[in-house]
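Visitor:
Protein chains in written order, with our numbering: chain A, 201 to 373; chain B, 308 to 435.
1. Taking residue 366/A as the reference, give the member of 320/A, 339/A, 265/A, 285/A with the closest Cα.
2. Closer than 8 angstroms, CB to CB, is residue 360/A near chain B or not?
3. Using three-state DSSP, classify residue 353/B as helix, strand or coil.
4. Have a look at residue 402/B and residue 382/B and give me their C-alpha separation to the nearest angstrom.
5. Is there at least one Cβ from chain A nearer than 8 angstroms to residue 321/B's Cβ?
6. Between the alpha carbons of residue 318/B and residue 280/A, how many angstroms are there, rounded?
7. Please state the DSSP three-state secondary structure of residue 369/B.
8. At the 8 angstroms Cβ level, is residue 325/B part of the contact set with chain A, yes or no?
9. Counting only C-beta atoms, is residue 202/A closer than 8 angstroms to chain B at any point?
10. Which of the three DSSP states, helix, strand or coil, is assigned to residue 336/B?
11. Assuming contact is defined by CB atoms lying nearer than 8 angstroms, are residue 361/B and residue 396/B in contact in what I supplied?
12. For the alpha helix (DSSP H) holding residue 327/B, just list the boundary residues, first then last.
13. Cutting at 6 angstroms between CB atoms, please list the residues of its own chain near residue 387/B, excluding the five before and the five after it.
14. Should residue 320/B be labelled buried (16 or more other beta-carbon atoms within 10 Å of its own) or exposed?
15. Considering just the uninterrupted stretch of the alpha helix (DSSP H) at residue 395/B, what are its terminal residues?
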């Protein structure tokens, strides 16, 4: 884990609940300060430092902006470095995922844009619920297994929402 | 990224796609997923009294490599005993399909699905 922590770069305490608009504003401010253009006349060392700072700022922003990567990062901060790619056995949840994929396939076959909109809203509700559950349990040591399971579920739903967006684009054409 | 001919073949003509009744006492169901790519895989086996896998079915939502890995897994499992099926390794699936390194995890997922299906069946029969 690189130092300083991603949250510290933005003067924030590690937390899952985050004001994303505020984070974006802060990111733009900080990014301006280390923008290469500002260092055109600086020494080579200063230029290199600015570049490194800019890279870690981008990395931090990318990680914190998205709920699943923020969740994974928080668990890593707590000492649980979890690999990105694993096999998950969470039967009821996976069964539900399979049903949702089937539904999405049907929506694609029937080119049902209104149906996709309804699907999208339902997915958003599920994501919000999941985020809320994670927010209350991520820093409780006795609930680590649960926190990891929730983070994995977030990854699945994130991927699913990507596919919903792609389907929308295809149907829009 | 270019898929191998074998992957494309399994992707375009997947073997044994389908669903069995998960409540059937002779059916074992393995349900696994890969969160980062969002793949979901269901692999089912029907086992006869001699402990031989008579039939295998799968359904996979995921990339071509994940679909090909599970399709090939069902092909290989048919006619095998449970113990034989459990020895199928992801490296064998990956080699047969000529999966590139970045897609090895798809074959791992299929191996995990095989093991989960066998375990589910054994649990049902009180063999564990």
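By construction, the Cβ of each residue, glycine as well, lies at the ideal position given by its N, Cα and C atoms.
Guide: According to the structure data:
1. 320/A
2. Answer yes: the Cβ-Cβ gap between residue 360/A and chain B drops below 8 angstroms somewhere.
3. Annotated three-state conformation of residue 353/B is strand, per DSSP.
4. 15 angstroms
5. no
6. So the alpha carbons of these two residues sit roughly 36 angstroms apart.
7. coil
8. no
9. Because residue 202/A carries a pLDDT of 47, less than 50, the predicted location of this residue cannot be relied on, and the following value inherits that uncertainty. Answer no: the Cβ-Cβ gap between residue 202/A and chain B never drops below 8 angstroms.
10. strand
11. no
12. Residue 327/B -> no alpha helix (DSSP H), and no H or E assigned at all.
13. Only 360 meet the Cβ criterion.
14. Exposed.
15. Premise fails: residue 395/B is in no alpha helix (DSSP H) and is neither H nor E.
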